[in-house]
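The structure under discussion appears below in the form of structure tokens.
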Amino acid sequence: MRILGIESSCDETGVALVDASGSGVPRLLGHALHSQIEMHQAYGGVVPELASRDHIRRVLPLTDAVLAQAGLGLDAIDAIACTRGPGLAGALLVGTGVAHALGVALGRPVHGVHHLEGHLLSPFLSADPPSFPFVALLVSGGHTQLMRVDGVGRYALLGETIDDAAGEAFDKSAKLLGLGYPGGPALSRLAEHGDPAAYKFPRPLLHSGDLDFSFAGLKTAVLTQVKRLARAAPEGPATSHLADPLTPQEKADVAAGAQAAIVDVLVKKSLAALQATGLRRLVVAGGVGANARLREQLDAQAARQGLRVHYPELALCTDNGAMIALAAGLRAQAGLLDGAEATGRFDVAP
Ligand code: KG4
Ligand code: ZN
Numbered sequence: 001m002r003i004l005g006i007e008s009s010c011d012e013t014g015v016a017l018v019d020a021s022g023s024g025v026p027r028l029l030g031h032a033l034h035s036q037i038e039m040h041q042a043y044g045g046v047v048p049e050l051a052s053r054d055h056i057r058r059v060l061p062l063t064d065a066v067l068a069q070a071g072l073g074l075d076a077i078d079a080i081a082c083t084r085g086p087g088l089a090g091a092l093l094v095g096t097g098v099a100h101a102l103g104v105a106l107g108r109p110v111h112g113v114h115h116l117e118g119h120l121l122s123p124f125l126s127a128d129p130p131s132f133p134f135v136a137l138l139v140s141g142g143h144t145q146l147m148r149v150d151g152v153g154r155y156a157l158l159g160e161t162i163d164d165a166a167g168e169a170f171d172k173s174a175k176l177l178g179l180g181y182p183g184g185p186a187l188s189r190l191a192e193h194g195d196p197a198a199y200k201f202p203r204p205l206l207h208s209g210d211l212d213f214s215f216a217g218l219k220t221a222v223l224t225q226v227k228r229l230a231r232a233a234p235e236g237p238a239t240s241h242l243a244d245p246l247t248p249q250e251k252a253d254v255a256a257g258a259q260a261a262i263v264d265v266l267v268k269k270s271l272a273a274l275q276a277t278g279l280r281r282l283v284v285a286g287g288v289g290a291n292a293r294l295r296e297q298l299d300a301q302a303a304r305q306g307l308r309v310h311y312p313e314l315a316l317c318t319d320n321g322a323m324i325a326l327a328a329g330l331r332a333q334a335g336l337l338d339g340a341e342a343t344g345r346f347d348v349a350p
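Position 95 of the sequence shown, counted from 1, bears residue number 95 in full-length UniProt numbering, the numbering being contiguous throughout.
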């Protein structure tokens, strides 16, 4: 059973082919990705209309590339999976439209996959895949959630952000520091040269006793700190760009402090979720899962407490087609790709 997966929810066009025959983890036969980052950089963020148009340009050449990698033709595809949401409407329409067109042309079924389920299951493509059950920390640009995962399709929400997502906190802090888009990787690189203790940043809900997150206040704290430093700068605050009067070291210190605040909360709440569920395995997925400080701190805690932490391959942390093809493959193996599940519904029981 070969499944073609198409991802087009935001600013990456991803296509992949997996072989989901048998009961082992579906095998990746080919995958190709085009990132639109360069195109959106000039605008400081994703421009939805440009994103949709670029997906249209990329999706078929990427499909050809994947089939060439696998040494197969279109007729070797047994089913097609596409991201059904959440994401930018126009961007999603490109992937779902192409998936359905291929489905009709080839006479193959088409399955919608929830984007977050793709992220959640992506560590199964790593060299060291997790086994069920586990706690998942899903940290992307749009979501921050902790879930108990008992099997494919068996997800229980333990806690989530009540305002901004962790990736959004990275992106907004980066913007205030005058860093480019996407902010997360840029802020993380700058933070390497900074002192995380130079300035104090809040760790919202750290002691709330539940597993929810709140990151909106951090953006305000970064803004306040940047303004304070700008006022103290010898040339004064009269500048068109807020972050300009800061010295490179001040900027790096703010970046390091903001990153440390986000990471501290993510680590503390993940450990609390493991304790609350009595589970010993944590899976980290989503773009922020690429963050080096988050990985270091989780690994250190894991070593200290005898826990296992699984991550997707770095290249599969951010959006890609492999995770969509994989999620469909795992669902097929679990018998969840027919009836109502064929719509790719992603049920999160409260
Ligand atoms: O999962 P993803 O590619 O897209 C969504 O589904 O949102 O996540 C993108 C998010 C962005 O906010 C980006 O800044 C963040 O992941 N990100 C990072 C890093 N790499 C990507 N944040 C912190 N450190 C990183 N190394
Ligand atoms: Zn994503």
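Ideal Cβ placement from N, Cα and C applies to all residues, glycine included.
With contacts defined as CB atoms closer than 8 Å, H31 and A16 qualify as a contacting pair. A79 sits in a strand when the DSSP states are folded into three classes. When the alpha-carbon of H119 is set against those of S270, G142 and G24, the nearest one is in G142. Annotated as proximal: S9 and L88, with beta-carbon spacing under 8 Å. Taking the Cα positions, D150 is about 35 Å away from S173. Here R154 has no same chain residue with a Cβ atom under 7 Å from its own Cβ, once five neighbours each way along the sequence are excluded. Set against 7 Å, the gap from the CB of G287 to the closest heavy atom of the ligand ZN is smaller.
The alpha carbon of A290 has as its nearest neighbour, out of L106, D19, S140 and H40, the alpha carbon of S140. For D319, the CB falls within less than 7 Å of some heavy atom of the ligand ZN. D319 sits in coil when the DSSP states are folded into three classes, being neither helix nor strand.
Burial of P26 is indicated by the presence of at least 16 other C-beta atoms within 10 angstroms of its C-beta. Where E38 is concerned, the enclosing alpha helix (DSSP H) starts and stops at I37 to Q41. The ligand ZN has no heavy atom closer than 7 Å to the beta-carbon of H34.
Closest by C-alpha distance to G306, out of Q275, K269 and E12, is Q275. Per DSSP, reduced to three states, the secondary structure at T161 is strand. Short of 7 Å from the beta carbon of R203, and not among the five residues preceding or following it, lie these beta carbons of its own chain, in chain order: A261, D264 and V265. Judged by DSSP secondary structure, H207 falls outside any beta strand (DSSP E); it is assigned neither H nor E. Set against 7 Å, the gap from the CB of H115 to the closest heavy atom of the ligand KG4 is smaller. Between the ligand ZN and S8, a heavy atom-to-CB distance of less than 7 Å is absent. Annotated three-state conformation of T96 is helix, per DSSP. Not one heavy atom of the ligand KG4 is found less than 7 Å from the C-beta of S52. In this structure, D78 places its C-beta atom within 8 Å of the C-beta atom of I3. As the crow flies, the alpha-carbon of I80 is around 20 Å from that of G24. Between L206 and L176, the gap from beta carbon to beta carbon reaches 8 Å or more. By DSSP's assignment, Q145 forms a beta bridge with L138 and E160.
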